Structures are given as C-alpha cells and as structure tokens.
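For the sequence shown, our numbering begins at 4 and goes up steadily by one.
Backbone N, C-alpha and C fix where the C-beta goes; we use that ideal spot for every residue, glycine too.
Just so you know, these numbers come straight off a predicted model, no measurement behind them.
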Amino acid sequence: MSAEDSLFEYLLKSVTGQKFEALAKRIYGEVDGFEFHPLGGIHDGGADAFYLPHVFSANKPRVFYQISTTDENRSDSKIVSTIEALRKNGRDVGQLYYITTEKLPKRDIIQQKIFEEYGVLLSVKDGEHLHGLINNNSKIHKIFYEQFGFEISEINKSKPFSRPDASSFIVDPTVFAQIEYELDNQDDGYHLDEGVVDALIYWSLRNTNSDEKIFLNREEIKSAISSVVLTDSKFLHSKIDERISHLIKKGVGEEFRIRVVNPGEKFCISFQMRKRIAEKSLNDDLLRDEFISSIRERISLITDYASDSEKNKFLSDIVISSIHEFFIEQGLLLSAFLERKIDEITADEQIVERQVKKAISVKGKSLKISPEDVGKIMLVLRNVFYNKNSVEQSYLLRISRTSLLMNTLKSSPRMLEYFNQMSGRFRLLVGADMLVKAISEHFLKPEDRIVDKLLKACVEMGCELTLTECVLEEVYTHLHAVDLEYRNHYMDQEKYMKDTTSLESNKILLRAYFYNRSKYDGGWDGFINSMVSPKNLRAVNETGRRELHGLLTQRYQMKFISRKDMISLVSIEEVDDLASSLDESRNDKNAELSKNDALMSHVVYGLRAQRNESAIYEGFGLSTWWLTKETLIVRHTRDLVSKHGGNHYIIRPEFILNFIVLAPKASKVRATFGEMLPTNVGLQLGEHLKPERMKFLLRKAGEWAKHSPERVSVLIENGVNRLKHARYKRYLANIHGEPLS
4 MSAEDSLFEY LLKSVTGQKF EALAKRIYGE VDGFEFHPLG GIHDGGADAF
54 YLPHVFSANK PRVFYQISTT DENRSDSKIV STIEALRKNG RDVGQLYYIT
104 TEKLPKRDII QQKIFEEYGV LLSVKDGEHL HGLINNNSKI HKIFYEQFGF
154 EISEINKSKP FSRPDASSFI VDPTVFAQIE YELDNQDDGY HLDEGVVDAL
204 IYWSLRNTNS DEKIFLNREE IKSAISSVVL TDSKFLHSKI DERISHLIKK
254 GVGEEFRIRV VNPGEKFCIS FQMRKRIAEK SLNDDLLRDE FISSIRERIS
304 LITDYASDSE KNKFLSDIVI SSIHEFFIEQ GLLLSAFLER KIDEITADEQ
354 IVERQVKKAI SVKGKSLKIS PEDVGKIMLV LRNVFYNKNS VEQSYLLRIS
404 RTSLLMNTLK SSPRMLEYFN QMSGRFRLLV GADMLVKAIS EHFLKPEDRI
454 VDKLLKACVE MGCELTLTEC VLEEVYTHLH AVDLEYRNHY MDQEKYMKDT
504 TSLESNKILL RAYFYNRSKY DGGWDGFINS MVSPKNLRAV NETGRRELHG
554 LLTQRYQMKF ISRKDMISLV SIEEVDDLAS SLDESRNDKN AELSKNDALM
604 SHVVYGLRAQ RNESAIYEGF GLSTWWLTKE TLIVRHTRDL VSKHGGNHYI
654 IRPEFILNFI VLAPKASKVR ATFGEMLPTN VGLQLGEHLK PERMKFLLRK
704 AGEWAKHSPE RVSVLIENGV NRLKHARYKR YLANIHGEPL S
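Structure, rendered in structure tokens:
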C-alpha cells in the first residue's frame, strides 16, 4: 500500500460523522450535479440527501442517501433504521445509497437482504469507492483536499496529496481524437450547416402547438440550442435568426414549416412540418419499435417477465436509456466499436446505475427492481453490443452518427469535463495587453466585457493568475502615456467633439473614455481615477504603482512576482540577446518593452522548470503560460522554443475563451442531449454529419486503440500543448488585442 493510500485510510477512519457528511455531500453534489439535493441539520426522516432528476421535478423523490461512519458490524441496523424512519415520515423509498467510510466486503449479501425484506434497492458506496472517485476526478480530489487540508498538512507537511492522473480521459478515444480533430481543422466554424441549425430549431420547438397556444420566442429557441452547441453566442444567434427568417417563409408550392404569432415574437412548429418530420421518420419509428421489441425479447429470455408485461417494459426502458447514456458519454468509443476500429468496450456500471436511479425516481410502488434485475440489465447490455442482431446494429449506427455530430460541435460531455478540469491547472502570467484591454472594458455592458470576463472566469475555475512586476510597469507606463496624449491633443478640443465614434487614436483607453464619457463623473480625471489617482500617475511615483497593483491583484485575484524573482529564474545573458533582437525589429525602438517581453518568455520556461512540469504526465499539458496576443516576439524565439522541446510559451486567449470560458456545463449538455437523442429530429441530426469528419474521428479512434495508456497520455499532452498556442487556428469568439507601445 502506498503512503498516499495509507494516509487516505487514516483520514477516513479518524473523521467525525459531521465532517464525513459534509465531504460526502460535496462529492455527490459533484457526481450527480443539480439532481442531488442535500438536506439540512435535522434531516428528513433519516435521510441526508435525495436524488430527483430535473425532468421529473414535479414528482416526489424515491432515491435517498444515508451518510454514515457506522462500523461494519452495525451497518445493517443503520440501513434498516434509515429505511424505517423514512417510511415513518411518509417517504416512498425505492432506492437507498448508503455512503460509508467503512469497507463492506459482504455488500451483496446486505443488498439482497434489504431487497427481500423491504423491496428497496440498496447501493453501498464504501471507502474504497470514494477513494476511486477521488483518484480519478480532479474536482473531487480538490474537494477532499479542501476538507482535510489542515490534517494533511500536519501529517505530511513535505508533500500533500498528488493530483489525480488523467486516467478517466484516456480510457476512451474521445479526448485524444477531439484534440487531433481541432488541430486538423484550422477554421473553427463549428460546421453549423443550414441543415444542422434547422434540425436544432425543429428540436427546440418540439413541444410547441398552435392549437394549445404553446409557443417559444427567439430567446427561448436560442437558449435551448445554446445549451448543446459550444460556440460564440453572437455567431450562433445570428445563424438561428437567419434560419428562422427563412423557415417562416412559404415559397411557391410549399407549406409553412414554422408558424409565427405576433410577427417576430413567438413561434411554433407547423402541423405540416410536424407531419413531414413524422413521414420522413417513418423508417426511424419502425426501426425504433423493432429495437424495443428486440430488447424486450432478450429480457424475456433470461427472466420470467413476458415481453408485454409491465416489468419487462420497465427493464427494457432502463436498457434503452442506458444505451443512449453510453452514446452521450462515450459515443466515439461505441461508434469505433460498431465500425470495427476497436475490438472491445467495457460496460460502465455507473451509467447503468444512473439510469436505474432515474427510473426509480418516476416509477410507482408497484414496480420494484432487485439486485438480480440490475445484473440482468447488465447482461442484456453486453449482449446488445457483443452479439447484436441486424435490427440492433442498424439502430445503434443511427444513434452513433448523431453522437459523432455532437463531437464535431464540441458537445461531448467527456470532452467538456476534460477542458473544465484542465482549467484548474493553469498558471497564467497575464500580459500587459490583456490587462489594458480588461480595464478598458470596465464601463461596457457585462456581455461585452470579453477579456474581463475571461480573466474572472479563469479565477472562478481555479486558474492561478500572476501579475509580474514588468507587466505592472508596462500598464502603468501605458496609462501615463495615454494621459499625456489626452491632455496634449484632446483636452482643449473635447468640448467641441460631439461624435467620437470615428476617433482615430490607437490607444484603446482613449477610445474607451470617449465612447463612455457620459458615465464618468469628473470627465477625464474621473476616468483615470477609476484606475489610479491622476495626481500620482502624473508624478510617476511609487504610490501610483501601488494603487494600480492593488486594483489589478484584487479585481483578478492575481499573485505578484517581482522582477528580482523573475531574474533568478532565467539566464540574463540569453534575455539580453533576445531583447536586442526584438529592439532591432521594433519601429518604436522601445528597449524597455523589448527587455520585458524577452524576460516574460524566459520566465515561463523558468517557472515550468521550477515546478518540474515537463515530468508531470497528467494528460492536461503544461500549466504555466504567458497569456497575451503578442506576436512580434514569436519569430524571434524559434531557437528558444526548440531548446525546450518545441513547447511554446504563449497561450492564445482565444483557446481559453472558446474551450473553457464559453463551454457549457457537462451536466447541462448531458441533460439536453439525453432529451434530444431519442427524438426523431435528434436521430435525424446525424444525417448532417459529413462523411469525411466521421472518417477522421473513427480513424483517430483506431489509432488510439493501438497505443498503450501511457503513450496516449503523452500524445494528448503534446497535442493539447500545440492547441493552446495554435497561432493560425481561427476561432469564432475572438479577442482583438493591440500591442502596447
């Protein structure tokens, strides 16, 4: 047993019941998302929490959680007392999750006993299960460390728990293939073909009905589609508006596709279009019915439940929902398996368990599901994938295409979780151009504050932002130069300037002032005073620098690194050589700016070496980067980059904006995709997947299967490092940075 395993066991054995309850609630809040509902102090008849899927929010909960530190010998009585207390308080208990610090080797016996006596499906989550969650999910790992931070630091001062590795992202090809796909496609247009957008609009309007006066407005349509399509909202919304305008028109000899009420305000799908979709889906409906019959037949062969019995239908629903869940979670893996690019797959019990949990939440008391039934469900699932008949093969391939399309739209939950977990590993040295852009956005509408939103989102997601002394000096010097330009060229003329929309100054702060000057009390001095005292700025004194330091470090929760500490990390001779080369290329011949840029590039490598980042194979790539739009320096640092294994030092802010800040929550995508996949329109979405895109993803899945997990981890590291810099990749959501001079 490793020292880390021993430490984990020690902490769980010594933890108090109250602290363990707090830990378990946070962990399962992360696992089950917004469908997990913790209960407060007094509890609700013995339960510590309940589970209620959002789509069934009108129902009463039937799935409960009991969190306990009770020892193994008394666990049976604890479980029984919980069920009895819940029932005494009027709760209909269908499933109980018993979360404990103890290891329960005889859990199967306990589960069978509880089902026979109480008709409740018991799921035991012991210390071993919790250890697995903590090791394989960085968010849960962070929760555990926060909960036991003091104890860990006291017991093991020299080394806290190491981060979990990226094992959960290398056991299927999704992340590997997606990174390769992004690198291969320079144009990040999200492939939102007209057919895809139209199908998404029809899907969003699926529950509308003119007879029943059920309509959606434009914003509701956009919100529904935005929940599954990861892209810049302005681009997506303009595409939706464009297609809505087209779909409400009736051409010669055509029928209405979308009806509009109160022109431009509310919409519903037309009866003719609903009928057309149904007619087009006739084969889909037939295939779906045959697939359902096939699953029911499989269940009847291994149980005593007739294919038309209510219990058979119940288990069939769970099997089919589990298959849909598999494709939502691991669509590329299953698609590659169906196309014989890989040889085998592993059934994920967590997915089946999630479906069982949902089914129990909505089924009445008349239907009980036993541990044996769950085993039968797993057997049917394995047979569907490994011994499928022609009907099952056809249906799985239809789902496969829709699932792969969602990958190309960056809406794979696994991919979203990968980039979300990556965010907490970033250590970003923020460039002066980014900070000037951010503070210039201060008086804009929140939705227009692109860089400000980016920096704040980074902090919220756990990134470590750093303000270096040389960047602080650059921003301060830039403010001073802007102040001089205003007072020398604009101050006397401002009262005559009515229209400032065509202001030609290349200083973004000047433009920000004139476009928003009505919002500043005190005119220009009021504008400057929102950042630093005008008096101190004009005196160029240390007090003014400290004011700016305080503003930036507090607003963006930035750490500070002095020039002295920066120099200690680099070879000053190499920095000077690069600075000289840069200065020769600059039109302004700004030696100080060249020295700062040269120092920043070298410090990135110095910090990586200090933290030994190149020897950490987590699958998330390097952590330390310079966040900037600076481009001049790039062509002067080819040798520097080559010296460090080809790994660049600049991260593009567009990468963070498009893959992290704008990314929807994986839980939200799961829920929406889960509602979309079984529908006719959801299945028809796959028809719009271009063959070349499908072939690329499947080919990469085949390559993934040939590599060992260790090799996959290294390839993901290399690929994501390239993607973070990717100078020529064009993103829809862009940041228009301007070099400082």
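- In this model, H327 and L412 are separated by some 18 Å (Cα to Cα).
- Here G93 is not near R404, since their CB atoms are 8 Å or more apart.
- With respect to the 8 Å criterion, N212 and C271 are classified as neighbours on the basis of their beta carbons.
- In the three-state DSSP reduction, H40 falls in the strand class (E or B).
- Check the Cα spacing between F422 and each of H240, I182, D201, H647: the tightest is with I182.
- CA-to-CA, the gap between I348 and V18 works out to about 38 Å.
- For N650 and A542, the gap between their C-alpha atoms comes out near 42 Å.
- At the C-beta level, E545 and S536 stay beyond 8 Å of one another.
- In the same chain as R301, and ignoring 5 residues on each side of it, the C-beta atoms closer than 7 Å to its own belong to V383, N386, in chain order.
- Cβ-Cβ distances below 8 Å link M464 to N423, S426, G427, I663 in the same chain, with the five nearest sequence neighbours on each side left out; the list follows chain order.
- Secondary structure of V96 (DSSP, three-state): coil.
- Segment contact: the region 573-587 against the region 121-135, fewer than three CB-CB distances shorter than 8 Å; contact not assigned.
- Bounds of any beta strand (DSSP E) do not take in A736, whose DSSP letter is neither H nor E.
- Shown here, Q69 sits in a strand according to DSSP, grouped into three states.
- Under the three-pair Cβ rule at 8 Å, the region 691-703 does not count as touching the region 60-79.
- Around the beta-carbon of P108, fewer than 16 other beta-carbon atoms lie within 10 Å, marking it exposed.
- Boundaries of the beta strand (DSSP E) around I564: 562-564.
- In terms of Cβ geometry, F658 and K598 do not form a close pair [threshold 8 Å].
- The beta carbons of F23 and T104 sit about 6 Å from each other, so the pair counts as a contact at 8 Å.
- For A27, the number of other beta carbons within 10 angstroms of its own is at least 16, and it is reported as buried.
- Counted as a single uninterrupted DSSP element, the stretch harbouring L572 is not any beta strand (DSSP E), since DSSP gives it neither H nor E.
- Between the region 447-454 and the region 484-498 there are fewer than three C-beta pairs closer than 8 Å, too few to call the two in contact.
- Rounded to the nearest whole angstrom, the CA to CA distance from M569 to L602 is 8 Å.
- Counting only the Cα atoms, D35 lies some 24 Å from P176.
- Taking C-beta atoms under 8 Å as the contact rule, L555 and L635 fail to qualify, at a distance of about 24 Å.
- Check the Cα spacing between S303 and each of D287, P374, K379, L337: the tightest is with K379.
- If you draw a straight line from the Cα of N140 to the Cα of E420, it comes to about 10 Å.
- E268 and N210 do not touch by the CB rule: their CB atoms are close to 18 Å apart, not below 8 Å.
- Two segments are said to touch when three or more pairs of C-beta atoms, one from each, lie closer than 8 Å; by this definition the region 616-625 touches the region 712-732.
- L208 counts as buried, since no fewer than 16 other beta carbons sit within 10 angstroms of its beta carbon.
- The alpha-carbon separation between L42 and S565 amounts to approximately 47 Å.
- Burial is judged here by how many other beta carbons sit within 10 angstroms of a residue's own beta carbon; L285 has fewer than 16 and is exposed.
- Rounded to whole angstroms, the gap between the alpha carbons of Y479 and R548 is 7 Å.
- Selection K116, Q98, H445, L15 evaluated against D129 yields L15 as nearest (Cα-Cα).
- With fewer than 16 other Cβ atoms from the protein chains shown falling within 10 Å of its own Cβ, N509 counts as exposed.
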